[in-house]
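Residue numbers (this note's numbering): 13 to 130.
Every residue gets a Cβ at the ideal spot worked out from N, C-alpha and C, and that includes glycine.
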Amino acid sequence: MKQTGDISINEILDMLLMFRNERDWGQFHSPKNLAVSISIEAAELLEHFQWLKDGEALDPDKKQDVARELADIFNYLVLLSNDLGIDLLGSSKMKIEENRAKYPVEKSRGTAKKYKEL
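Below you can see the structure in the form of structure tokens.
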């Protein structure tokens, strides 16, 4: 993953909380509203790929727009996980480990079957 600098998820969280608190937006950031916002931003991300055929590349001119949508999703995920007391990176690592167990390479390589069908 290409990165433009060294910044931690905690630094991002601090920036997001400062931004939110300066505007008194915490009152609007219930877990439900943050989850809804993640879904809305994910739908906006999908719009950039809506009519592309399989294998068709995204227009390079739209890459920055896609980056902004990904950032919106990421920022809401960081806020929601913080507000719920969930370790986002730890949860991600745990989920990868769970998926490794459910989808062993020897059974899942090259197939899109669900783990129950392997």
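- prompt: Hey, would you say Glu110 sits closer than 7 Å to Asp84, going by beta carbons?
  reply: no
- request: Enumerate in chain order the residues of its own chain whose CB-to-CB distance from Leu96 is below 8 Å, with the five nearest sequence positions on each side excluded.
  value: Pro43
task: Check whether the stretch 28 to 44 touches the stretch 87 to 95, counting contact only when three or more Cβ pairs, one atom from each stretch, lie closer than 8 Å.
output: yes
- request: Note down, one range per segment and in chain order, each beta strand (DSSP E) of at least 3 residues found wholly within the stretch 18 to 78.
  value: none
- prompt: How is Tyr127 classed by DSSP in three states: helix, strand or coil?
  reply: The three-state reading of DSSP puts Tyr127 in helix, counting H, G and I together.
task: With Ile98 as the anchor, note down where its alpha helix (DSSP H) starts and where it stops.
output: Element bounds for Ile98: n/a, residue is neither H nor E.
query: If we ignore side chains and look at the alpha-carbon of each, how far apart do Glu129 and Lys107 end up?
result: 19 Å
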